[in-house]
Ligand SMILES: [Zn+2]
Ligand SMILES: [Zn+2]
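Residue numbers (the working numbering): 30 to 456.
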């Protein structure tokens with residue numbers, strides 16, 4: 030019995046073209062009604078005055094590090110950080126130790142999340158055994174065990190024939206292929222975006238072409254196989270143009286961008302600080318501006334964090350030795366509200382769509398909506414709340430962020446999963 034009445038908020042649900050002041054009634058963990066004068070007889074109340082009440086936010090791309098790298102993150106700590114960021118669901122990338130390339134690991138992640146994570150965790154299965162890019166992983170078995178997509182994120186598939194097979198299987202199973210698009214020969218040895226800043230820092234560059242070659246390859250293979258292909262953490266203007274073109278041709282191609290790629294550029298990489306080191310790297314100003322345009326014109330389908338925890342012991346070393354990746358759950362909403370909505374680039378409705386119904390559709394989740402009968406996953410946020418991010422208060426086990434101390438306008442207030450408040454801001 031999970032009942033709740035969320036009162037006095039502005040309910041915005043792009044899946045139903047809804048934007049009105051209303052109450053949301055939850056009965057037995059499901060949305061029972063959205064409207065005025067909803068009769069709640071005795072259900073506990075949550076006052077959402079001054080806040081927006083939206084479907085629960087979904088992060089298509091995160092690394093929870095369990096099994097195998099629990100010193101960096103666990104399903105529990107990552108789940109708590111996600112909840113504190115306003116997310117009700119996250120997709121867990123398969124590059125754990127062992128890799129999620131079989132049903133046993135998939136089961137382990139689902140069972141652990143059920144017991145320990147405050148948010149829903151949906152595992153992504155590997156494309157190839159051990160993500161070694163040699164033989165396909167047992168995709169059907171993993172699908173039966175509960176994966177919602179396949180990806181070799183972190184160790185992208187270089188062999189085009191293997192990718193073609195993976196896409197054929199995936200389309201047969203109704204699974205989306207998410208690729209970290211990087212030609213590892215073109216990017217070999219690279220530390221940051223290839224450009225003037227890399228030159229000045231004396232660091233080897235990662236070219237835009239190393240991403241674009243693979244985006245182009247994958248679009249061609251998706252067109253041949255009929256697979257649904259999703260570009261993970263798209264970072265260059267050229268990649269975005271190809272996605273735009275593919276969409277015009279009616280292909281089922283989608284893409285996500287991360288908050289760090291739409292806020293920062295390679296010029297922000299300072300003092301060899303490894304908290305600015307990630308893959309794909311922070312790109313040029315022109316690339317960043319292209320991503321903003323794609324967010325505004327609808328080419329970009331979703332915002333995903335690529336939350337990638339690394340402990341200080343590994344991240345606090347010379348730039349070229351430090352691992353790639355930054356954490357992102359707790360800053361994503363605030364950065365998107367501050368930089369995209371308050372700048373006038375996108376509307377609140379579009380902002381919510383990027384985090385809810387769009388990601389749900391990309392992987393076929395029955396989430397991202399407040400329609401009656403849906404699971405009551407709800408994100409409550411205050412678009413006006415001013416706050417300063419302090420990573421030392423983070424629920425994550427890791428601290429690797431380029432956003433320490435950033436001041437933001439807008440942030441999450443409460444996260445509700447299946448009708449239960451799993452996180453709320455102290456007020
Ligand atoms: Zn990646
Ligand atoms: Zn990733």
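Where is the CB? At the ideal position from N, CA and C, for every residue including glycine. Fair warning: this is a prediction, and the values are worked out from it, not measured in the lab.
Measure how close the beta-carbons of residue i and residue j come, nearest whole angstrom, since I'm counting them as under 8 angstroms.
{"i": "residue 155", "j": "residue 130", "result": "4 angstroms"}
{"i": "residue 51", "j": "residue 64", "result": "5 angstroms"}
{"i": "residue 13", "j": "residue 162", "result": "Outside the modelled stretch of the chain, which goes from 30 to 456, sits residue 13, for which no answer is possible."}
{"i": "residue 73", "j": "residue 42", "result": "Not a contact, Cβ separation roughly 22 angstroms."}
{"i": "residue 406", "j": "residue 357", "result": "With 8 angstroms as the limit, residue 406 and residue 357 do not qualify as a contact, their Cβ atoms being about 20 angstroms apart."}
{"i": "residue 237", "j": "residue 265", "result": "4 angstroms"}
{"i": "residue 153", "j": "residue 178", "result": "5 angstroms"}
{"i": "residue 262", "j": "residue 287", "result": "5 angstroms"}
{"i": "residue 309", "j": "residue 211", "result": "7 angstroms"}
{"i": "residue 292", "j": "residue 368", "result": "5 angstroms"}
{"i": "residue 82", "j": "residue 119", "result": "So it is not a contact: roughly 20 angstroms between Cβ atoms."}
For residue i and residue j, I'd like the C-alpha separation in whole angstroms.
{"i": "residue 343", "j": "residue 322", "result": "35 angstroms"}
{"i": "residue 492", "j": "residue 284", "result": "Nothing can be reported for residue 492: it is not among the residues displayed for the chain, which extend from 30 to 456."}
{"i": "residue 389", "j": "residue 215", "result": "33 angstroms"}
{"i": "residue 428", "j": "residue 218", "result": "25 angstroms"}
{"i": "residue 146", "j": "residue 55", "result": "21 angstroms"}
{"i": "residue 315", "j": "residue 420", "result": "29 angstroms"}
{"i": "residue 394", "j": "residue 86", "result": "12 angstroms"}
{"i": "residue 193", "j": "residue 254", "result": "7 angstroms"}
{"i": "residue 202", "j": "residue 403", "result": "24 angstroms"}
{"i": "residue 144", "j": "residue 346", "result": "35 angstroms"}
{"i": "residue 307", "j": "residue 269", "result": "19 angstroms"}
{"i": "residue 400", "j": "residue 45", "result": "7 angstroms"}
{"i": "residue 104", "j": "residue 324", "result": "30 angstroms"}
{"i": "residue 184", "j": "residue 209", "result": "8 angstroms"}
{"i": "residue 466", "j": "residue 102", "result": "The chain is shown from 30 up to 456; residue 466 falls before or after that span and cannot be answered."}
{"i": "residue 233", "j": "residue 348", "result": "11 angstroms"}
{"i": "residue 423", "j": "residue 96", "result": "21 angstroms"}
{"i": "residue 59", "j": "residue 408", "result": "14 angstroms"}
{"i": "residue 443", "j": "residue 311", "result": "31 angstroms"}
{"i": "residue 327", "j": "residue 71", "result": "42 angstroms"}
{"i": "residue 57", "j": "residue 31", "result": "5 angstroms"}
{"i": "residue 271", "j": "residue 297", "result": "27 angstroms"}
Where DSSP assigns a beta bridge to residue i, which residues make up the other side?
{"i": "residue 49", "result": "40"}
{"i": "residue 151", "result": "120"}
{"i": "residue 208", "result": "260"}
{"i": "residue 372", "result": "None; residue 372 has no bridge partner."}
When a residue counts only if its C-beta is closer than 5 angstroms to some heavy atom of ligand 1, which residues count, in chain order? 182, 209
Assess, as a yes-or-no matter, whether the region 220-232 is touched by the region 270-284 under the definition of 3 or more beta carbon pairs within less than 8 angstroms. no
Any 3 or more C-beta pairs closer than 8 angstroms across the region 361-369 and the region 119-126: no
Is it a yes or a no for the region 369-377 touching the region 132-145, going by three-plus beta-carbon pairs under 8 angstroms? no
Would you call the region 399-419 and the region 438-456 touching, i.e. three or more CB-CB distances under 8 angstroms? yes
Would the region 104-118 count as touching the region 340-354 if we require 3 or more Cβ pairs under 8 angstroms? no
Give a yes or no on contact between the region 85-96 and the region 326-340, applying the rule of three or more CB pairs nearer than 8 angstroms. yes
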